[in-house]
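Heads up: the structure comes next, in structure tokens.
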């Protein structure tokens with residue numbers, strides 16, 4: 629399950645590694661950030677702010693705001709991973725990214741049973757891909773003067789599109805995806821800035837729940853009885 633994510637993380641991790649080194653972060657520290665933090669958007673923001681000489685508090689607050697969406701993702705996955713022990717759920721949460729969330733959501737929607745080996749295989753594979761991309765970028769950063777001509781900034785949007793399209797096979801999911809895009813665009817034009825993604829997610833999720841309830845499926849189209857799943 630983690631292969632599509634790795635294909636997107638390798639070029640994006642490479643771009644982060646180059647940016648981190650050019651921002652004054654030692655190559656080993658850049659790789660350590662990817663190993664310990666594993667938050668692409670947060671790391672890219674931190675590297676840029678470090679290079680600009682921003683104070684530590686500003687960097688922390690910026691990352692906190694950007695990563696608030698993890699609360700929504702964790703809450704959405706909580707019913708599906710409830711059969712896991714508390715320790716495993718904690719370890720699982722540490723490696724949930726946007727792309728990992730999309731893959732697991734699709735997997736559970738298709739009737740997958742909650743089993744730790746399958747879940748962590750995806751998470752760890754994605755994480756290793758991010759670390760590998762970072763390492764290559766960080767240690768070859770001096771050889772690359774500008775990553776923009778390489779088109780690496782398109783890797784993440786392309787990966788999201790690849791993960792989104794299978795989910796849009798069902799009309800409800802397609803409507804929610806379109807609504808989220810329109811909400812995000814409108815909020816961004818209204819000056820919501822980085823909050824536009826979080827607010828758009830909340831609005832689109834609320835719309836999706838309302839539409840599901842209208843058709844008599846308030847638990848969602850992929851609801852399962854978590855209590856019947858076996859503990860690995």
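Residue numbers (the working numbering): 629 to 860.
The C-beta atom is built at its ideal place from N, Cα and C for all residues, glycine as well.
Keeping to the same chain, check which residues put their C-beta closer than 7 Å to that of residue 674; ignore five residues upstream and five downstream. Walking along the chain shown from the start, residue 674 turns up at place 46. Contacts found: 687, 691.
Where residue 680 falls, given that 16 or more other Cβ within 10 Å makes a residue buried: Taking the chain shown and counting its residues from 1, the one referred to as residue 680 is at position 52. Exposed is the call here.
Going by DSSP in three states, residue 707 sits in which element: helix, strand or coil? For the purposes of this step, residue 707 is identified with residue 79 of the chain shown, where counting begins at 1. Three-state DSSP puts residue 707 in a helix.
Three-state class that DSSP yields for residue 665 in the structure shown: For the purposes of this step, residue 665 is identified with residue 37 of the chain shown, where counting begins at 1. Looking at residue 665 - three-state DSSP - the assignment turns out to be coil, as it is neither helix nor strand.
Can you look up residue 691 in the DSSP assignment and give me helix, strand or coil? In the chain shown, residue 691 corresponds to position 63, counting from 1. DSSP places residue 691 in helix when its eight states are reduced to three.
Ordered along the chain, which non-local residues of its own chain (more than five positions away) have a Cβ less than 6 Å from that of residue 857? Here residue 857 refers to the residue found at position 229 of the chain shown. With a pLDDT of 42 at residue 857, under the threshold of 50, the predicted position of this residue should be treated as unreliable, though the coordinate-derived value follows. Around residue 857: 711, 741, 742.
Cβ-Cβ distance between residue 835 and residue 804 below 8 Å: Here residue 835 is taken as the residue at index 207 of the chain shown, counted from 1. Here residue 804 is taken as the residue at index 176 of the chain shown, counted from 1. Yes, the Cβ-Cβ distance between residue 835 and residue 804 is below 8 Å.
Assumed close pair residue 807, residue 832 - CB separation to whole angstroms, cut-off 8 Å: If you number the chain shown from 1, residue 807 lands on position 179. If you number the chain shown from 1, residue 832 lands on position 204. Indeed, because the Cβ distance is near 5 Å, the residues count as touching under 8 Å.
Just how far apart, CA to CA, sit residue 799 and residue 725? Here residue 799 is taken as the residue at index 171 of the chain shown, counted from 1. Here residue 725 is taken as the residue at index 97 of the chain shown, counted from 1. Annotation: residue 799 to residue 725 spans about 25 Å, alpha carbon to alpha carbon.
For residue 798, the three-state DSSP class (helix, strand or coil): The residue labelled residue 798 in the question sits at position 170 within the chain shown. Of the three classes helix, strand and coil, the one that applies to residue 798 here is coil, per DSSP.
For residue 648, which of helix, strand or coil comes out of DSSP? Counting from 1 along the chain shown, the entry for residue 648 is found at position 20. The answer is helix: DSSP assigns residue 648 an H, G or I state.
May I have the straight-line CA-CA distance separating residue 792 from residue 737, to the nearest angstrom? Sequence index remark: in the chain shown, residue 792 carries index 164 (1-based). Sequence index remark: in the chain shown, residue 737 carries index 109 (1-based). One C-alpha to the other measures close to 13 Å.
Among the residues of its own chain, which have a CB less than 8 Å from the CB of residue 701, if the five just before and after it don't count? Working through the chain shown from its first residue, we reach residue 701 at position 73. The answer, listed in chain order, is 724, 726, 729.
Determine the burial state of residue 631: buried for a count of at least 16 other Cβ atoms within 10 Å of its Cβ, exposed for fewer. In the chain shown, residue 631 corresponds to position 3, counting from 1. Exposed, because fewer than 16 other Cβ atoms sit within 10 Å of the Cβ of residue 631.
Distance check for residue 660 and residue 647, CA to CA, integer angstroms please. Translated into the one-based positions of the chain shown, residue 647 becomes position 19. Translated into the one-based positions of the chain shown, residue 660 becomes position 32. Cα to Cα, the separation comes out at about 15 Å.
Can you check which of these residues, 760, 717, 840, 657, is closest to residue 748 by C-alpha distance? Taking the first residue of the chain shown as 1, we reach residue 748 at position 120. When only C-alpha atoms are compared, the closest one is 717.
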